[in-house]
Structure formats: structure tokens, C-alpha cells
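The block underneath contains the structure these notes are about, expressed in C-alpha cells.
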Amino acid sequence: MPDPLPTAVPTTVPGATRPVRLGIHGSPHLATRVLASAGHGPHEVELVPYDVAEPFRPLRDRTLDIMIVKYGLREPDIAFSRPVAFDHRALIVGTNHPLADRDMVSVEEAAGYDCFGCPGDFPPYVWDKVVPPRTPSGTRMRRVHRMTTVEAMIDTLAAGRAVHLSFQSLDAILPPHIKALPVRDLPPAPVHLAWLRDTDLSSQAAALVSDAERSAGR
1 MPDPLPTAVP TTVPGATRPV RLGIHGSPHL ATRVLASAGH GPHEVELVPY DVAEPFRPLR
61 DRTLDIMIVK YGLREPDIAF SRPVAFDHRA LIVGTNHPLA DRDMVSVEEA AGYDCFGCPG
121 DFPPYVWDKV VPPRTPSGTR MRRVHRMTTV EAMIDTLAAG RAVHLSFQSL DAILPPHIKA
181 LPVRDLPPAP VHLAWLRDTD LSSQAAALVS DAERSAGR
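Throughout the sequence shown, residue numbering follows the UniProt record's numbering, covering 1 to 218 in sequence.
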């Protein structure tokens, strides 16, 4: 379940007035959308990419203040907000893929092609929501490719008939030879802000979480 709003530290604490270090993976456009909806400007944050194979390491190393995550977490040391946005599902394919000329696809069609398995230390219970083990009809998803970086994923998609079940926000950073096709039969993913449970946030970071929740709840 989402956690209560974090406690803010006084602005006299060292580091309390620096830009919020906001962890992102993939496209920065989702983060800027959350910021804009919450009434915060891009100058208030430093966008810090994190490795999907070790998603929580920067937070636990305290090199991030908060991070963007999708779906709820079950990490005992990490708290997370109520949904602050939703990201529609998309199937990422190369432009030479058999499905590439479609305006929209079904997850059942995606099951006919090799896709990506859970990377590194990424939580399997979250990956099962990103790339379900089976489709709603029970067809097994062929999660055979190794997920590392976005660049490596793009190379795999461009080289053959693989697909990646992902999110529409990724479309903003895809090269011309890769497409994001809307998936009609999977619900959008809830987007949350997450932070270390035992760490008081700066007043700026706490305000961002609070304002993002309030904006999404309107």
C-alpha cells in the first residue's frame, strides 16, 4: 500500500536546498510530465538515470532523493506514494517487424514473439506486471532476451523479430527505426514516487511528493 507523506527536514540541514535528485529510467518525459502536473519546474530537480538491473542501489546509496517507479513495491526499506500518473502500455518493435504496421496490438499477439526477461536485481514481482508470465488467455510469454540498457534493447529489436512489452512514455526517446504500438488489452501502469523509508526528505522533495499526489487526485 502507498505510504504516508514523508517528513521534511529543516532547510538548515546541509543539502536541504539543493535540487531534488530524481531517479528515472527510460524517457525523461514522464518525469517532466509529473513535475508539470505538480506545479514544479525542471530547475527544481536533477534527473538522474538509474540502471534497471540495479534499480534501488542509488536510492540505498543515498545518491538519489526520490525515484520514479511503476506499480507498487514490496521492498521493506522503500516507501512509495499514491499514484502520481499513469503510463499506457505499448509494444516496442522494430519497423521491419510483422506487427509494425498495426495501429494497435493485443498482448495475445505479443506472445507469439520472443520478449525480455527480468533484469539483474529488478524485483520479479514487478517484472511480472511489466511482462506477464502469461497472457490473459493463458499463453506463455517467451521471456528469453536479457534486458540491460535501453540502447541494447533497441539493438535487439532492430536485429530481428523480438518485442518488448513496455510503456508509451518510451516512445519519446525511440529512434526512427523503432516503434511503440499501443496495447489495447493491458491497463495503464500506475506511476509512483519512492524514497527510503528511514530517511527524512528535504522540504523540496517532500513538497514534490505531496504536490504530485494532490495533482493526481484532482
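The C-beta atom is built at its ideal place from N, Cα and C for all residues, glycine as well.
Just so we're clear, the structure is a prediction, and the values are computed from it rather than from any experiment.
- Look at valine 107 here: in three-state DSSP terms it is helix.
- When the five nearest sequence neighbours on each side are left out, the beta carbons in the same chain lying within less than 7 angstroms of the beta carbon of valine 84 are those of Val34, Val191, His192, Leu193, Ala212, Glu213, Ala216, in order along the chain.
- By the Cβ neighbour-count rule, serine 137 is exposed, with fewer than 16 other Cβ atoms within 10 Å of its own.
- In this structure, the alpha-carbon of asparagine 96 lies about 14 angstroms from that of histidine 164.
- Arginine 218 sits exposed, since fewer than 16 C-beta atoms from the chains shown fall within 10 Å of its C-beta.
- Annotation for methionine 153: the continuous alpha helix (DSSP H) segment containing it runs 150–159.
- Tyrosine 125 sits exposed, since fewer than 16 C-beta atoms from the chains shown fall within 10 Å of its C-beta.
- Secondary structure remark: continuous beta strand (DSSP E) runs of at least 3 residues inside the stretch 11–70, in chain order: 20–24, 45–49, 66–70.
- The shortest C-alpha to C-alpha distance from glycine 112 to any of Val144, His25, Cys118 is the one to Val144.
- In terms of Cα proximity to phenylalanine 122, the closest of Arg142, Arg102, Met147 is Met147.
- By a beta-carbon distance limit of 8 angstroms, glycine 26 contacts isoleucine 173. Their separation comes to about 7 angstroms.
- In the structure shown, proline 124 falls within a helical segment according to DSSP collapsed to helix, strand and coil.
- Distance from the CA atom of histidine 40 to the CA atom of threonine 139, rounded to whole angstroms, is 43 angstroms.
- Its Cα nearest to that of glycine 72, the residue Asp3 stands out among Asp3, Gln204, Met153.
- Burial of alanine 189 is indicated by the presence of at least 16 other C-beta atoms within 10 angstroms of its C-beta.
- Contact between tryptophan 195 and alanine 79 holds: their C-beta atoms lie close to 6 angstroms from each other, under 8 angstroms.
- A straight line joining the alpha-carbon of aspartate 198 with that of arginine 60 spans about 10 angstroms.
- Counting only the Cα atoms, aspartate 65 lies some 7 angstroms from alanine 205.
- Bounds of the beta strand (DSSP E) holding valine 144 are 142–145.
- Around the beta carbon of glycine 94, 16 or more other beta carbons lie within 10 angstroms, which makes this residue buried.
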